[in-house]
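Plus 202 on top of the position in the sequence shown (first one is 1) and you've got our numbering. Glycine included, each C-beta is placed from N, C-alpha and C at the ideal position. These figures come from a predicted structure and were not determined experimentally. Here is the structure we will look at, set down as C-alpha cells.
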Amino acid sequence: MLYHLLYPLTEHFSAFNVFRYITFRAIYAVITALMLCLFLGPWFIRRIRALQVGQYIRKVGPAHQSKAGTPTMGGILIIGSVAAAALLWEDLTNFYVWVMFLSTGGFFLVGFVDDWLMQVKKRNKGLSARSKFFWQVVVAAAACTLLYLHPGFDTRLTIPFLKGVSPDLGWGYIVFGVLVIVGTSNAVNLTDGLDGLAIGAMAVASVTYMVFAYVAGHSQISHYLQVNYVAGAGELSIFCGALVGASLGFLWFNANPASIFMGDVGSLPLGAALGTVAVATKQELALLIVGGLFVVETLSVIIQVAVFKITGGKRVLKMAPLHHHFEKLDWAEQKITVRFWIIAIILALFSVSTLKLR
Ligand code: 57M
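Right, dumping it as C-alpha cells:
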C-alpha cells in the first residue's frame, strides 16, 4: 500500500524513491510484522485466555502435562501480522503476491476450522485427517494452477548443484507443486511439538528464501549465479520478510516456557507459505535442504510408522517425531530446541552456498 501511495510522489519528494527498492521494503516488512506481533502479543494472549482457548495435552508421550491450558491459536497473530506487513509494503499489482495470499489464506482457514472445532467447540477431534488433507490439496492445487497458467512460468525443475539438468514437468508441475506445498505444511505441523522449535526454524527458512526470492527476481544477479530468473518474484522477498518478522515476534512469546502455542492455524499456513515461495521462486528442491529439519522430522515419523507396521510393533526411535525421541532420552526441552535451530541454521547456510556450487 505504501508503495502505491508514496512512490508516485517521488517527483515531489525525491526521498520517496526509496520505496522502489525491494531491499528497503523487505527490511521494513520484517520490522512491521515483528512490532505487530510484539505489541499485540500480550493483548492477544489475554483475549485467548479470556475465551478459554487452552491446549489439551495428550496423556501418552513425554511429560507435557504442565503445559495443559496454555493459550493456543497464536497463528491468528502470526498470519495477521504477516498479512498486514505484506499489504503495507508489497507492490499489490504483483501476481506472485496474490498467489501467496491465496495459499497462505487458504491453509489458514483449514487450520482455523480444525483448531476451532477442537479448542473452542471442545470437540475431541478437529477436522478429520481426510477432510484436512482434501482441503489442503484443493488450496495448493488452486495456487499451482494459477502459477502454471501464468504467462512465462517455467515448469522445469531446478536441481541444486546441477547446472545443466532441469527436467520439464509440463502440467505435471501442478502435481509436483501440490506435493511440495502440502508436504511442507504438514512437515511444519509435525515439527511444532516443542516450545519455539517450529517457529525458530521457520524464521531461519524464511530468511533463506528472502535471499532466494531476491536473487530469482533480479535479472542480473540470477543470470550471474545461473539460477532461473522469475520476473516479479523479487516481491516475494518482502513476503518472506513479513514471515521472518512475525516468526521472531511470535518466538518472543513461544520461547520456553511458552505463553502461547501457534496451533494448526499457525503451522499449516506457515508451512504452505514456505512451500509456495519455494515453488514460485523455482527453488523447490532447495527446500529439502533449507527446510531439512522439517524433512528429517517428517521422515522420522514415516520410518517409525513403517517399521512399526512391518515388524508388528518394533520402534526405531523411542518416539516420533524426532524431538520426542530426545525428550525420552531426557534431554532438556530447551537443549533440543536450540540444537535443532543450530542444525537448521547450518542447513540454511549450506543451501545458500548451492547458489555458487553449480
Ligand atoms: C502436531 N502437535 C503437538 C499446538 C501446536 C502421526 C503422528 C506422528 C502425528 C503427531 C502429531 O499429531 N503431530 C501434529 C503436533 C501439540 O501441539 C499443538 O499442535 C499445534 C501444531 N499443530 O501449535 O497447538 C503438543 O506439542 C507440544 N507443543 C509444545 N510447544 C509448542 O510450542 O510443547 C507444541 C507447540 C502440545 C504441546 O505438548 O500439546 C503434539 O505433539 O500433539 N503425533 C505425535 O507427535 C505423537 N507421536 C506419536 O504418537 N508417535 C508414535 C507413532 C508415530 C507411531 C510413536 O512414535 O510411537 C506424540 N504427540 C504428543 N504426545 N503430544 C505422542 C506423545
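For this session: Closer than 6 Å by C-beta to Asp394: which residues in its own chain qualify, once you throw out the five before and the five after it? Chain order, please.
Result: Ala400, Ser469
For this session: Label Asp466 either buried or exposed according to how many other C-beta atoms from any shown protein chain fall within 10 Å of its C-beta, with 16 as the threshold for buried.
Result: buried
Problem set entry | Trp337 burial status per 10 Å Cβ neighbour count (16 or more: buried) | Under this definition Trp337 is a buried residue.
Exercise. For Val315, which residues of its own chain have a beta-carbon under 7 Å away from its beta-carbon, when the five flanking residues on both sides are left out?
Worked result: Leu329
For this session: Going by CA-CA distance only, name the one from Leu204, Pro273, Ala235 that's closest to Ile462.
Result: Pro273
Problem set entry | Lys365 versus Arg358: straight-line alpha-carbon distance, rounded | So the alpha carbons of these two residues sit roughly 12 Å apart.
For this session: Please indicate yes or no: does the CB of Leu392 lie closer than 7 Å to some heavy atom of the ligand NAD?
Result: Looking at this structure, you won't find the ligand NAD anywhere; what it does contain is the ligand 57M.
Exercise. If you draw a straight line from the C-alpha of Ile229 to the C-alpha of Ile440, how long is it?
Worked result: C-alpha separation (whole angstroms): 8 Å.
Problem set entry | For Gly398, three-class secondary structure by DSSP | Three-state result, Gly398: coil.
Exercise. What do you get for Lys334, buried or exposed, if any count of 16 or more other CB atoms within 10 angstroms of its CB means buried?
Worked result: buried
Exercise. What is the residue span of the alpha helix (DSSP H) that Asn456 lies within?
Worked result: 438-456
Exercise. Are there 16 or more other CB atoms within 10 angstroms of the CB of Arg260, so buried, or fewer, so exposed?
Worked result: exposed
Problem set entry | Cβ-Cβ distance between Leu549 and Val503 below 8 Å | no
Problem set entry | Whole-angstrom C-beta distance between Gly379 and Ala481, which should lie under 8 Å | Residue 481 is actually Val in this sequence, not Ala. That belief holds up - the Cβ atoms of Val481 and Gly379 are roughly 5 Å apart, short of 8 Å.
For this session: Take Ser449 and list the residues in its own chain whose beta-carbon comes closer than 8 Å to its own, dropping the five residues that flank it on each side.
Result: Ile280, Ile401, Gly402, Met404, Ala405, Ser408, Leu472
For this session: Use the C-beta contact count for Tyr223: other C-beta atoms within 10 angstroms, 16 or more gives buried, fewer gives exposed.
Result: exposed
Problem set entry | Test item: CB-CB of Ala457 and Gly398 under 8 Å | yes
Exercise. Do you know how far the Cα of Leu501 is from the Cα of Tyr411?
Worked result: 22 Å
Exercise. Any idea what DSSP makes of Pro353, helix, strand or coil?
Worked result: coil
For this session: Report yes if the C-beta of Lys269 is less than 7 Å from at least one heavy atom of the ligand 57M; otherwise report no.
Result: yes
Exercise. To which residues of the same chain is Tyr209 closer than 8 Å at the C-beta, ignoring the five residues directly before and after it?
Worked result: Phe218, Asn219, Phe221, Arg222
Exercise. Would the beta-carbon of Asn456 be found less than 7 Å away from any heavy atom of the ligand 57M?
Worked result: yes
Problem set entry | Test item: CB-CB of Ser387 and Ala474 under 8 Å | Yes, the Cβ-Cβ distance between Ser387 and Ala474 is below 8 Å.
Exercise. Roughly how many whole angstroms lie between the Cα atoms of Phe297 and Gly434?
Worked result: 8 Å
Exercise. Secondary structure at Asp317, three-state DSSP: helix, strand or coil?
Worked result: helix
Exercise. Between which two residues does the alpha helix (DSSP H) carrying Arg541 extend?
Worked result: 535-555
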